[in-house]
Amino acid sequence: MMEVRDLACERGDVRLFSGLEFSLGEGGLLLVQGPNGSGKTSLLRLVAGLSRPAAGTVRWRGEEIAGLREAYARELLFVGHANAVKDEFSADENLAISLELCGRRATAAARAGALDRIGLATRASLPARYLSQGQKRRVALARLCLAADFPLWILDEPFAALDGGALATVVALVDAHLERGGAVILTSHQEVSIAARTRFSIALEG
Amino acid sequence: MLGGLQTIVARDLRLSMRRRGDVLNHLVFFVIVVTLFPLGVGAEPNLLRAMAPGIVWVAALLAAMLSLQRMFASDYADGSLEQMLISAHPLGVIVVGKFIAHWLVSGLPVTLLAPLVGVQFDLSQQALAVLTVSLLVGTPVLSLIGGVGAALTLGVRGGGVLLALLVLPLFVPVLIFGAGGVSEAQAGMSAAPHLSLLGAFLAMSCVVAPWATCAALRIAYD
Amino acid sequence: MATEGYRLDSETSGSWLLKLAAPQAFFPVAGRMIPWFAVLAVLFALPGLYLSFFVAPTDFQQGEAYRVIFLHVPAAWMSMFLYLVMAFWAALGLILNTRLSGMMASAVAPTGAMFTFLALWSGALWGKPTWGTWWVWDARLTSELILLFLYFGFIALTNAIDDPRRADRAGAVLAIVGVVNIPIIYFSVKWWNTLHQGASVSLTRAPSMATTMLVGMLLMSLAAWMYSIAVALWRVRSIILERERDAQWVRELRGVQ
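As given, the protein sequences belong to chains U, G and H, one line each in that order.
Going by our numbering, 102 is the number at position 102 of the first sequence; the sequence numbering is gapless.
For our numbering, count along the second sequence from 1 and bump the result up by 206.
For our numbering, count along the third sequence from 1 and bump the result up by 428.
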């Protein structure tokens, strides 16, 4: 589904990596690892279409993502480093808006279910400013419960700052998505055991 | 496409309602600036009446400056803007939604406040009407061109002042046509040419601003 | 280190123009061109100044002071022209994604601002002896003032952004928006000036032009243009050295290993 050829990335004047290539098919998991500053987040942003590469191409279903724009965005769920959670909105409102931005709508019941699964049932209607960092991260990840119809998930450090229960939930969600034939690209400092049809990793040097 | 517009406008309006303080502050600023001028130049009625169109318009420009940062800064800081850039809705639609939401909470209230403020300067009915119409047509331009500046200065140090420096020269035609029209009305002549030129400038901004803002946002994330 | 200027297919390396688009290739070429343009500038300026100050007839009403128009008008023309040049290079850099184009735009901007300032200052020098005030709100002077603000905006924005690529691209968007607005601004200021009849003096209503005067102005304009090119080339070289300072060829140039 995704093909990356000869990808190069520059931050400022530094070339972080070049000549990167991979293919990701259905049920495939790509794990990106490397020390801080090696370009993991930059790589994810490149394949998500947030920034343009210094060289190389990223193709989705055979076409370059630069040309696809919204057609690609509809099929992509991106959870970045930042939570995209507004302090003034409750967890439920934040979840609703982030889904609407992806072109999806979910019923209140479905959203409540998602927030419950991620462990925020009691905090669903509090303004997000009263949530802890870990809880805000869980709001950002709650989308995953309702994201079955996104073929590609790109997740930046989804397991960071999560406690045992939430961690297990997110791992289970990723597992289930891969089972369904979805593809996942993620970065992680931690060792995670996720079963996948095809699993490979890229290790970036600093 | 309309769905995306609705989503963004509703979202931004709801955010503004929850941050009511910000919205009211800039309106109060508008009124304070207008009041400063008579204090500065003296209360001679004829002088004030002649200066009124310019004063109200300059105050509207300065108040717009204060509120423009709000358009993208918070979303940039917490990562919401990132999500908008890879949203299923076209970025152009999202940007237009932001312009509309911004105008609804800054330009429109200023326009509605203008007749009250104009009374302080003893403007005639005719002049007040033209003042209100000129603000109605001109304040969207402030949101449009100001939005370009806000997108260009995202996360740049010296943000607010730099934004003003970039955008105030570009507002000059709005100021001239807007205030000029009111002066014409005061002199008993038709303000139609000024208002139509203002309308033309608005139309042009509607074409240029969304493109430039989308380009600037993508550049900020590249 | 990356020294290519183009991301287009570099296999079609036919055109020398494409090769020149790399900062490394352009650097020595620019260096060779500077003396030529400097000489041309002097060659135009000498007869221009001679015509302006010695040959052109003394104006009946304004005396000798009017001669500053030979500085004022060319400076005003250059200030406008250089903004277009700057916007052109900036837009080119945005569309073709070349680094050198953005550097050229940044190199041109300060010279453009200088000419704008010169136009304003020479306008003041003209106004004082002629009409007794240092400043008149005439359409051209006011437009020049706004143009100065637009230059300042471009320079301030490109300076405030640390990443040179982002600075160039943001500057390009600003310059393009500026270019589209400038005719509207000029028009609106002219409109404003004719409405508020306060200013009955106008620097644009210059004394009727004798041919020698026109030739003089033309020569001064050409001199200013040659000077601008020379200075822009000189400035772009230092921008190249600054931006590419980590590149091997720059290190060798500086004798640093």
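C-beta atoms are modelled at their ideal positions from N, C-alpha and C, and glycine is treated no differently.
Within-8 Å CB hit, residue i to chain G
i	result
phenylalanine 17 (chain U)	no
asparagine 525 (chain H)	no
tryptophan 620 (chain H)	yes
alanine 160 (chain U)	no
valine 605 (chain H)	yes
alanine 48 (chain U)	yes
leucine 24 (chain U)	no
leucine 44 (chain U)	no
Residues that DSSP places opposite residue i in a beta bridge
i	result
glutamate 63 (chain U)	U:Trp60
aspartate 156 (chain U)	U:Thr187
phenylalanine 472 (chain H)	In the DSSP output, where bridge partners are listed per residue, phenylalanine 472 (chain H) has none listed.
glutamine 33 (chain U)	U:Ala203
valine 4 (chain U)	U:Phe22, U:Val58
proline 375 (chain G)	Paired residue(s): none; proline 375 (chain G) is not in a bridge.
leucine 127 (chain U)	According to the sequence as given, residue 127 (chain U) is proline; it is not leucine. Its beta-bridge partners are U:Ser90.
phenylalanine 17 (chain U)	U:Cys9
leucine 272 (chain G)	Answer is none; leucine 272 (chain G) lacks a bridge partner.
phenylalanine 78 (chain U)	U:Ile154
Interface residues of chain H facing residue i [CB-CB closer than 8 Å]
i	result
valine 378 (chain G)	Ile574, Ile613, Ser616, Val617
isoleucine 425 (chain G)	Arg594, Arg597, Ala598, Val601
Beta-carbon contacts of residue i that lie in its chain and below 7 Å, excluding the five residues immediately before and after
i	result
leucine 573 (chain H)	Leu548
proline 259 (chain G)	Leu337, Ala385, Val388, Ser389
valine 373 (chain G)	Ile351, Gly352, Gly355
leucine 76 (chain U)	Ala48, Phe150, Leu152, Ile154
alanine 121 (chain U)	Leu115
tryptophan 505 (chain H)	Ser649
glutamate 265 (chain G)	One point to set straight first is that residue 265 (chain G) is alanine, not glutamate, in the sequence displayed. Once the five neighbours on either side are set aside, the close Cβ partners of alanine 265 (chain G) are Phe236, Val239, Val240.
proline 251 (chain G)	Asp328
valine 192 (chain U)	Phe159, Val171
alanine 161 (chain U)	Gln133, Gly134, Arg137
Contacts that residue i makes with chain U (C-beta to C-beta distance below 8 Å)
i	result
serine 674 (chain H)	It is worth fixing the name first, because residue 674 (chain H) is aspartate in this sequence and not serine. What aspartate 674 (chain H) touches in chain U: Asp13.
Cut-off 6 Å between Cβ atoms - residues of its own chain near residue i, not counting five sequence neighbours on either side
i	result
tryptophan 263 (chain G)	Leu381, Gly384, Ala385
asparagine 609 (chain H)	none
arginine 199 (chain U)	Leu29
Chain-ordered neighbours of residue i on chain H, where CB pairs are closer than 7 Å
i	result
leucine 358 (chain G)	Leu585, Ala598, Val601, Leu602
proline 375 (chain G)	Ile574, Phe577, Leu578, Gly581
alanine 256 (chain G)	Simply none; closest approach about 10 Å.
Proximity test, Cβ basis, 8 Å: residue i and chain U
i	result
serine 293 (chain G)	yes
leucine 221 (chain G)	yes
aspartate 228 (chain G)	no
arginine 224 (chain G)	yes
arginine 217 (chain G)	yes
alanine 627 (chain H)	Low confidence applies to alanine 627 (chain H): its pLDDT is 43, below 50, so where it sits in the model is not reliable enough to give any reading.
Contact with chain H by residue i, beta-carbon distance below 8 Å
i	result
arginine 363 (chain G)	yes
phenylalanine 235 (chain G)	no
alanine 431 (chain G)	Missing from the structure shown is residue 431 (chain G); chain G here goes from 207 to 428 and no further.
proline 251 (chain G)	no
phenylalanine 305 (chain G)	no
phenylalanine 407 (chain G)	yes
alanine 422 (chain G)	yes
leucine 197 (chain G)	This structure does not reach residue 197 (chain G), given that chain G is present from 207 up to 428, and the question cannot be answered.
Interface residues of chain B facing residue i [CB-CB closer than 9 Å]
i	result
leucine 368 (chain G)	No chain B is part of this structure, whose protein chains are labelled U, G and H.
Residue i: contacting residues in chain G (beta-carbon distance under 7 Å)
i	result
valine 608 (chain H)	Val414
glycine 80 (chain U)	Gly285, Glu288
leucine 76 (chain U)	Ile292
Closer than 8 Å at the beta carbon, the chain G residues around residue i
i	result
glutamate 70 (chain U)	Ser293, Ala294, His295, Pro296
alanine 73 (chain U)	Ile292, Ser293, Ala294
asparagine 83 (chain U)	Asp284, Gly285
Own chain partners of residue i with C-beta closer than 8 Å, once the 5 adjacent residues on each side are dropped
i	result
arginine 224 (chain G)	none
alanine 552 (chain H)	Trp562, Trp563
alanine 422 (chain G)	Val354, Ala357, Leu358, Leu360
Where residue i meets chain U, residues with beta-carbon distance less than 7 Å
i	result
aspartate 489 (chain G)	Any property of residue 489 (chain G) remains undetermined from this structure, which presents chain G solely from 207 to 428.
Interface residues of chain H facing residue i [CB-CB closer than 9 Å]
i	result
valine 354 (chain G)	Val601, Leu602, Val605
Residues that residue i contacts on chain U, provided the C-beta gap is smaller than 9 Å
i	result
leucine 213 (chain G)	Note that residue 213 (chain G) is threonine in the sequence shown, not leucine. Neighbours of threonine 213 (chain G) on chain U, chain order: Ile97, Glu100, Leu101.
Chain G contact residues for residue i, given Cβ-Cβ distances below 9 Å
i	result
leucine 126 (chain U)	Result: empty, since nearest Cβ-Cβ is about 13 Å, beyond 9 Å.
Please list, in chain order, the residues of the region 260–288 of chain G that have any C-beta partner in chain U closer than 9 Å. For the region 260–288 of chain G, the beta-carbon criterion of a distance under 9 Å to any beta-carbon of chain U is satisfied by Ser280, Asp281, Ala283, Asp284, Gly285, Ser286, Leu287, Glu288.
Please name the residues in the region 87–105 of chain U whose beta-carbon is closer than 7 Å to at least one beta-carbon of chain G, in chain order. Sequence-ordered contacts of the region 87–105 of chain U with chain G read Glu88, Ile97, Ser98, Glu100, Leu101, Cys102, Gly103 [C-beta pairs closer than 7 Å].
Residues of the region 574–598 of chain H with a CB closer than 7 Å to any CB of chain U: list them in chain order, please. The region 574–598 of chain H vs chain U, Cβ under 7 Å: Asp591.
Give the residues from the region 312–324 of chain G that approach chain U closer than 8 Å (Cβ to any Cβ), ordered along the chain. Here the close residues number zero.
Pull out every residue of the region 378–402 of chain G whose Cβ sits closer than 7 Å to any Cβ of chain H, in chain order. Of all residues in the region 378–402 of chain G, Val378, Pro379, Ile382, Phe383, Gly386 have a Cβ within less than 7 Å of some Cβ in chain H.
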